[in-house]
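So the protein lines, in turn, are chains A and B.
The numbering used here numbers the first residue of the first sequence as 323 and each following residue consecutively.
The numbering used here numbers the first residue of the second sequence as 323 and each following residue consecutively.
In this text, a Cβ means the ideal position worked out from N, Cα and C, and glycines have one as well.
Just so it is clear, the structure is predicted and the values come from calculations on it, not from any experiment.
Shown next, in structure tokens, is the structure this report addresses.
Number of protein chains: 2
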Amino acid sequence: MRIFNFSAGPAVLPEDVLRTAASEMLDWRASGMSVMEMSHRGKEFISIHEKALADLRELLAIPPNYKVLFLQGGAIAENAVVPMNLLGARTSADYVNTGEWSKKSIKEAKKYCAVNVAASAEDRSFTYVPAQATWKTSRDAAYVHVCTNETIGGVEYHWTPDTGDVPLVADMSSHILSRAVDVAKYGVIYAGAQKNMGPAGLTVVIVRDDLLDRALPITPSAFHWKEQAESDSMLNTPATYSIYVAGLVFEWLKARGGIAAIERANIAKAALLYDYLDRTEFYRNPVQREDRSRMNVPFKLRDESLDEAFLKGAKERGMVQLKGHRVVGGMRASIYNAMPVEGVRTLVDYMQEFEQRHG
Amino acid sequence: MRIFNFSAGPAVLPEDVLRTAASEMLDWRASGMSVMEMSHRGKEFISIHEKALADLRELLAIPPNYKVLFLQGGAIAENAVVPMNLLGARTSADYVNTGEWSKKSIKEAKKYCAVNVAASAEDRSFTYVPAQATWKTSRDAAYVHVCTNETIGGVEYHWTPDTGDVPLVADMSSHILSRAVDVAKYGVIYAGAQKNMGPAGLTVVIVRDDLLDRALPITPSAFHWKEQAESDSMLNTPATYSIYVAGLVFEWLKARGGIAAIERANIAKAALLYDYLDRTEFYRNPVQREDRSRMNVPFKLRDESLDEAFLKGAKERGMVQLKGHRVVGGMRASIYNAMPVEGVRTLVDYMQEFEQRHG
């Protein structure tokens, strides 16, 4: 029996995708091989790779002057890989600090350059996105880095920064493919796959062509965007099976109506939870209303001594991974694309029931 | 119908492993989740991770003063990651050049340090392993790097170098787990999983404790061995599904009798092919007899105009990926642990039949 899995990542995948993966495990389309066993340079896998790339390009409407790379190491590797690839002759970069993932990016970037924190939401416990009017960007920054959805704090940009000629770099790991995005406003978008795209081990990098000439000499070949772009992401053996499953997720998204349809579904799912949170005093979400994440919904019970009972009851009803991140405590419901609306309804019903019993 | 897949990697996996993975795809052991969907910090995945680690330690008899890390990026990433982690205050390293993979390691290392090529087999087209008596190592090298099985050239070390106090670092990607290895003679062993361990996207690093204090400040956290060792390889989200499948491969190996048994099987499989190659003039393997790889067997048809016909006939008989690497041409049969002896027999039978028809 399948459960409702609210994990922040790796996270729930569409059941249809898993069924296809299971049925093709021993023999992909009469090839006599599992996708795991295919040479990455064989025609079978190349067809899988190209289809996944084309579908991702279509879903996100990625302009032709952007390269899409399928790399490894997740966002934490990219935190180092971004400055390595973008600093060129410059020695500093601007970062906006909206929470735990921004902090990780900043810490790592400091290994390679001076970091100017252009704005920070630390003054209010990372419960909002600083308005761009308050940003103190520097003139000589190699780029401006943002995390457009903070998985832990549950804070999301619902607007696109305008950084002029300075390339805007975004870690979109935990909300990529959940909503429309105007890729042309970004220099680089990167995301680990394990939240909204597929299995851990795949990292997607979307980079504008003119930014491919700035890599530092210390950039490892496996993470050198230009070299990888020239090798169709096959300079090293890519995470072939993760790419295959991500490709199945892309097909699933397209069959459901693409980004416009999934965005409507995500708005509805998030509203179910936030509307209830706004009606009760028993639970609370600390995030400024206009900056709330549609993907990650942290909330706390007013009486934290009930946390364990809440989690136990949830598990008995087939809902797992609702415990909040240790940094913020409380609960967190991650409701990615693949979480069915029934999962969110079951959760809200349970929250109400729990409130009635303990409120 | 399954075929015989002689790919050099990603490569054939045990059919039993694929059957288990397929059957557990939607619901791992009544958890209600696919392994792909599990939080890497949940108790289910942690149990999978720990079992895989313990089984790998048992299979390779890894001494307790070594850490085993499950990272990402493959051997090509490690080519940069090794000097980053091992140089410390030193500025040079020794490399032995036995072929294409050694060359890649050397090229990458030069980004971080001076490389002394202590020995090279280039003088005879990389068809042998230079005897240690001929190595010109340097006194101040941070380490000595070898590639103990050259996947493309089909050259394997059947002895262990002795580098005294200088740490010996080995890329074992294409023969790890195929034979017994005295881990204590190495400072670091690394290997991409996609040849003898599991799906692409997982990289195993085995590192002696006393070498964990030498990382350069530019080492990305995701590839910083000490930080990863302290985080149980979870500083970034690991390639969870690849670890799971590798764990199934480790269980399969143990059930078959472990390394001693698989080594006997590998010796027998390789002998089938090499014995025939030594009896015919129609095909030839260029590698010095005592340095021939048990895993990757390159061979050429005397008459290269027959190559296409050979590959076509092989495919008709259910054998694929026999075309040699473009750098050396001809054919290559990769006969990893998971290649059944029937696959090698079918190949040798076909080679004989083809010789009779065209010889």
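Close beta carbons around A330 of chain A, own chain, < 8 Å, minus the five adjacent residues each side | Within the first sequence, the letter at position 8 stands for residue 330 of chain A. So the qualifying residues of the chain are T473, I474, S496, K517, N618, Q643, H647, R654 and S656.
Taking only beta-carbon positions, decide if Q579 of chain A is within less than 8 Å of chain B.
-> Your numbering for residue 579 of chain A matches position 257 in the first sequence. Note on residue identity: the sequence assigns Gly, not Gln, to residue 579 of chain A. For G579 of chain A, the answer is no, since every Cβ of chain B falls outside 8 Å of its Cβ.
When the distance is taken between beta carbons, is A583 of chain A closer than 8 Å to V663 of chain A?
-> Residue 663 of chain A sits at position 341 when you count from the first residue of the first sequence. Residue 583 of chain A sits at position 261 when you count from the first residue of the first sequence. Not in contact: V663 of chain A and A583 of chain A (Cβ atoms no closer than 8 Å).
What residues from chain A crowd round A568 of chain B, counting only those whose CB sits closer than 7 Å?
-> Numbered from 1 along the second sequence, position 246 holds the residue referred to as residue 568 of chain B. Correct list: empty, because the minimum Cβ distance to chain A is about 11 Å.
Own chain, CB closer than 8 Å to K576 of chain B, minus 5 neighbours either side, in chain order = Start at 1 with the first residue of the second sequence, and residue 576 of chain B comes out as number 254. Closer than 8 Å at the Cβ level, and outside the excluded window around K576 of chain B, lie D377, E380 and L381.
Neighbouring residues, chain B, relative to Q394 of chain A (Cβ below 8 Å) | Taking the first residue of the first sequence as position 1, residue 394 of chain A is located at position 72. Going along chain B in sequence order, the residues near Q394 of chain A (Cβ under 8 Å) are Q394, G395, G396, A399, G523 and A561.
For E337 of chain A, which residues does DSSP report across the bridge?
-> Here the question's residue 337 of chain A lines up with position 15 in the first sequence. Partner(s): none; E337 of chain A has no beta bridge.
A592 of chain A burial status per 10 Å Cβ neighbour count (16 or more: buried) = Position 270 of the first sequence, counted from the first residue, corresponds to residue 592 of chain A. Flag for A592 of chain A reads buried.
In whole angstroms, what is the alpha-carbon distance linking Y566 of chain B and H362 of chain B?
-> Locating residue 566 of chain B in the second sequence gives position 244, where the first residue counts as 1. Locating residue 362 of chain B in the second sequence gives position 40, where the first residue counts as 1. The alpha-carbon atoms of Y566 of chain B and H362 of chain B are separated by roughly 11 Å.
Could you check if M494 of chain B is buried or exposed, using at least 16 other CB atoms within 10 Å of its CB as the buried criterion?
-> On the second sequence, position 172 is the one that residue 494 of chain B refers to. By the neighbour-count rule (16 or more Cβ atoms within 10 Å), M494 of chain B is buried.
V466 of chain A - partner residues in DSSP beta bridges | As a working note, residue 466 of chain A is residue 144 in the first sequence. Partner(s): A:D416 and A:L490.
Any contact of the region 605-622 of chain A with the region 546-560 of chain A, i.e. 3+ C-beta pairs under 8 Å?
-> With a cut-off of 8 Å, the region 546-560 of chain A and the region 605-622 of chain A do not count as touching, because too few Cβ pairs lie within range.
Based on the DSSP output, what are the partners of L393 of chain A in its beta bridges?
-> As a position in the first sequence, residue 393 of chain A is number 71, starting the count at 1. DSSP lists A:T525 as partners of L393 of chain A.
Completely contained beta strand (DSSP E) runs for the region 569-633 of chain B, where each covers 3 or more residues | 618-623
Closer than 6 Å by C-beta to F545 of chain B: which residues in its own chain qualify, once you throw out the five before and the five after it? Chain order, please.
-> Within the second sequence, residue 545 of chain B is the residue found at index 223, counting from 1. Once the five neighbours on either side are set aside, the close Cβ partners of F545 of chain B are V403.
Along the beta strand (DSSP E) that carries V666 of chain B, what are the first and last residues, could you check?
-> Working through the second sequence from its first residue, we reach residue 666 of chain B at position 344. First-last for V666 of chain B: V663 to H680, but that is the alpha helix (DSSP H), not the beta strand (DSSP E).
Three-state secondary structure (DSSP) at I511 of chain B?
-> Walking along the second sequence from the start, residue 511 of chain B turns up at place 189. Correct three-state label for I511 of chain B: strand.
Could you name the residues of the region 647-668 of chain A whose beta carbon sits closer than 7 Å to any beta carbon of chain B, in the order they occur along the chain?
-> none
Taking only the alpha-carbon atoms, compute the straight-line gap between F328 of chain A and R616 of chain A and give it to the nearest angstrom.
-> In the first sequence, residue 328 of chain A corresponds to position 6, counting from 1. In the first sequence, residue 616 of chain A corresponds to position 294, counting from 1. Their Cα atoms are separated by approximately 13 Å.
Along the region 326-338 of chain B, what residues have a CB closer than 9 Å to any CB found in chain A?
-> F326, N327, S329, A330, G331, P332, A333, V334, L335 and E337
Three-state class that DSSP yields for V477 of chain B in the structure shown | Sequence index remark: in the second sequence, residue 477 of chain B carries index 155 (1-based). V477 of chain B falls in the strand class under three-state DSSP.
Under 6 Å Cβ to Cβ from V334 of chain A, same chain only, skipping five residues before and after it: list those, please.
-> As a working note, residue 334 of chain A is residue 12 in the first sequence. So the list reads N327, A660 and M661, once near-sequence residues are dropped.
DSSP bridge partner residues for F326 of chain A (one or two, in chain order) = In the first sequence, counting from the first residue as 1, residue 326 of chain A sits at position 4. Answer is A:M641, bridged to F326 of chain A.
Extent of the continuous beta strand (DSSP E) to which A436 of chain B belongs | Counted from its first residue, the second sequence places residue 436 of chain B at position 114. Start and end: A436 to S442.
Among A:T420, A:D671, A:Q394 and A:G509, which one has its Cα closest to the Cα of Y388 of chain A?
-> Position 66 of the first sequence, counted from the start, is the residue given in the question as residue 388 of chain A. When only C-alpha atoms are compared, the closest one is A:G509.
CB contact flag (V529 of chain A, L391 of chain A, <8 Å) | Residue 529 of chain A sits at position 207 when you count from the first residue of the first sequence. Residue 391 of chain A sits at position 69 when you count from the first residue of the first sequence. Yes.
Please work out which residues of its chain come closer than 8 Å, Cβ to Cβ, to D349 of chain B, disregarding the five sequence neighbours upstream and downstream, and give them in chain order.
-> What you label residue 349 of chain B is simply residue 27 of the second sequence in a count that begins at 1. M355 and S356.
Which residues share a DSSP beta bridge with S656 of chain B?
-> Start at 1 with the first residue of the second sequence, and residue 656 of chain B comes out as number 334. BP columns for S656 of chain B point to B:N618.
Do M347 of chain A and A343 of chain B have their C-beta atoms closer together than 8 Å?
-> Locating residue 347 of chain A in the first sequence gives position 25, where the first residue counts as 1. Locating residue 343 of chain B in the second sequence gives position 21, where the first residue counts as 1. It is a contact, given that the beta carbons lie within the stated cut-off.
8 Å CB neighbourhood of A590 of chain A in its chain, flanking five on each side removed | Here residue 590 of chain A is taken as the residue at index 268 of the first sequence, counted from 1. Answer for A590 of chain A: V663, listed in chain order.
Among B:L499, B:R606, B:L393 and B:V666, the one whose alpha carbon lies nearest that of I384 of chain B = In the second sequence, residue 384 of chain B corresponds to position 62, counting from 1. Residue B:L499 is the option with its Cα nearest to I384 of chain B.
Opposite R461 of chain B in the DSSP bridges: which residues?
-> Mapped onto the second sequence, residue 461 of chain B falls at position 139. DSSP, once it has assigned bridges, lists no residue as partnering R461 of chain B.
Measuring CB to CB, does P521 of chain A end up less than 8 Å from S564 of chain A?
-> Along the first sequence, read from residue 1 onward, the residue named residue 521 of chain A stands at position 199. Along the first sequence, read from residue 1 onward, the residue named residue 564 of chain A stands at position 242. Cβ atoms of P521 of chain A and S564 of chain A: closer than 8 Å.
Whose CA, out of A:S427, A:R412 and A:A397, lies closest to the CA of A537 of chain A?
-> Along the first sequence, one-based indexing puts residue 537 of chain A at 215. The option with the nearest alpha carbon to A537 of chain A is A:R412.
Kindly list, in the order they appear in chain B, the residues whose Cβ is closer than 8 Å to that of R412 of chain A.
-> Locating residue 412 of chain A in the first sequence gives position 90, where the first residue counts as 1. Result: empty, since nearest Cβ-Cβ is about 17 Å, beyond 8 Å.
Look at V477 of chain A and G421 of chain A and say whether their C-beta atoms are less than 8 Å apart.
-> Here residue 477 of chain A refers to the residue found at position 155 of the first sequence. Here residue 421 of chain A refers to the residue found at position 99 of the first sequence. Yes, Cβ-Cβ distance for V477 of chain A and G421 of chain A is below 8 Å.
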